[in-house]
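Okay, so here's the structure we're looking at.
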Amino acid sequence: MNDVYRLRLQAREVFATHPPILAYVFNWYGSVFNVLLLAYGLAYWKLFYVFLGVAGQILHYSIAANKAVLFSVPFMLIISASLKRWRARFGALIMWGLIGMIVVSVLMDVLLFKRPYVTAFAVVRVILMPGLLTADYYDFFSTHQWAYWSYSFLRYLIVYPYDREPPFLIGQIYFHNPATSANANLWADGFANAGFVGVILVSLVLGFIMWIYDSIMRNKPAVLGVLCLALPSFLLSNASLQTFMSTKGFALLLLWLLFMPDPLKHQVGLRFSDREEITWSLQHSTRPKRSYT
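Sequence positions in the sequence shown follow my numbering and run 684 to 976.
Here's what the structure looks like:
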């Protein structure tokens, strides 16, 4: 675990000495490009793209030690298999999958590692920490001045009242480490900027963004749409909405999906388990129909 954080700190120092665009491109490589390769390969049964996506995520992890990027690979594989075999029970599978993840994580730490290594990420970081950080943001900004996005897109209009951005401010106060970036979800960030009004505003903006996403994916396979949201959904639970759209690259993902060609419009006989997708492919095929009379 110490090696992970040391590697992550080294990567942060390297990116700090280079133009900011390099850090953006590197983040997009793990959260957009490789995710698209994996989702495209799994949705259309193209194993070469799956291989490229898996190799890309491993490479990304070896450079910056981002555990979310690494765990996105088995996460997307499980989601793909679940959707194609048990779509009608997908919601229940998600619930039981989370319960199983907790049980397996505890057993692995007890029987194999003898310390809370797997649970530190799979349970504490993924499930417990976002809630704890939300409470910390609420506790601090309930009694202190709101930021009004003056450290972000309104920095040229409003003076920021603190000496560091909210994640590092919360890290210094509640974790007693000024280097800790206590990233929270969009609602914690919304409360830090404008209280409950900020929570409502970011919720409305997110709803509009998801409406755009749904419109783009309307004529694409449902499996592809869900897979492309797998990693972004986790990232959104640990980032502000503006960071999610820019640094994490969801705006770029939307543009890519908007112009991405759909093989279903040109191919017939793809091995989809979903009957609607096979029917759509056959109905839009340009092959002449055979006559058996």
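For every residue, glycine included, the Cβ atom is placed at its ideal position computed from N, Cα and C.
Integer-rounded CB distance, given that residue j should sit under 8 Å from residue i
| i | j | result |
| --- | --- | --- |
| Val806 | Ile777 | Between Ile777 and Val806 the Cβ distance is about 16 Å, and since that is not below 8 Å, they are no contact. |
| Leu781 | Leu910 | No, Leu781 and Leu910 are not in contact; Cβ-Cβ is about 18 Å, not under 8 Å. |
| Ala865 | Phe874 | No, Ala865 and Phe874 are not in contact; Cβ-Cβ is about 14 Å, not under 8 Å. |
| Leu889 | Leu869 | 6 Å |
| Leu912 | Val885 | Actually they do not touch by this definition, with Cβ atoms about 18 Å apart. |
| Leu753 | Leu735 | No, Leu753 and Leu735 are not in contact; Cβ-Cβ is about 16 Å, not under 8 Å. |
| Met900 | Leu940 | 7 Å |
| Ala867 | Tyr896 | That belief does not hold up - the Cβ atoms of Ala867 and Tyr896 are roughly 23 Å apart, past 8 Å. |
| Ser667 | Pro799 | In the structure displayed, the chain extends from 684 to 976; residue 667 sits before or after that span and is not available. |
Cutoff 8 Å; reference residue i; Cβ partners in own chain excluding five residues on either side
| i | result |
| --- | --- |
| Ser788 | Val801, Thr802, Ala805 and Val806 |
| Pro915 | Ser714, Val718, Phe927, Lys931, Phe933 and Leu936 |
| Phe709 | Phe698, His743, Ile746 and Ala747 |
| Tyr712 | Gly739 and His743 |
| Val793 | none |
| Trp769 | Leu776 |
| Phe716 | Gly739 |
| Pro702 | none |
Cβ-based neighbour list, residue i, same chain, cut-off 6 Å, excluding 5 preceding and 5 following
| i | result |
| --- | --- |
| Pro844 | Gln828 |
| Leu852 | Tyr845 |
| Thr700 | none |
| Val737 | Val756 |
| Gln950 | Caution is warranted here: a pLDDT of 48 is assigned to Gln950, below 50, making its placement in the model unreliable, and no coordinate value can be reported. |
| Tyr723 | Tyr732 |
| Gln855 | Pro861 |
| Met893 | none |
Pick from the options that is closest to residue i, judged by C-alpha positions
| i | options | result |
| --- | --- | --- |
| Pro757 | Tyr712, Val708 and Val733 | Val733 |
| Ala905 | Pro702, Ala934, Phe773 and Asn717 | Phe773 |
| Gly878 | Leu811, Ala830, Leu840 and Trp769 | Ala830 |
| Leu730 | Glu848, Leu760 and Asp822 | Leu760 |
| Thr863 | Ala748, Pro850, Phe891 and Asp872 | Pro850 |
| Leu766 | Leu907, Leu940, Ser825 and Leu941 | Leu907 |
| Ala871 | Pro702, Lys797, Gly783 and Thr817 | Thr817 |
| Leu918 | Phe823, Ser898 and Val809 | Val809 |
| Val882 | Leu815, Phe824, Arg768 and Arg847 | Phe824 |
| Trp779 | Tyr727, Ile762 and Ala706 | Ile762 |
| Ile704 | Arg770, Phe942 and Ser929 | Ser929 |
| Gln693 | Phe942, Asn749 and Ala771 | Asn749 |
Close Cβ partners of residue i (< 7 Å) along its chain, the five nearest in sequence each way excluded
| i | result |
| --- | --- |
| Arg958 | Note that Arg958 has pLDDT 44, beneath the 50 cutoff, so the model's placement of it is unreliable and the number below is only indicative. Counting only Cβ-Cβ distances below 7 Å, and skipping sequence neighbours, we find nothing. |
| Ser833 | Ile841, Val842 and Tyr843 |
| Met791 | Val801 |
| Val880 | none |
| Ala764 | none |
| Ser898 | none |
| Ala706 | Phe698 |
Heavy atom of the ligand FMN within 6 Å of residue i beta-carbon
| i | result |
| --- | --- |
| Ala803 | You won't find the ligand FMN in this model; it holds no ligand whatsoever. |
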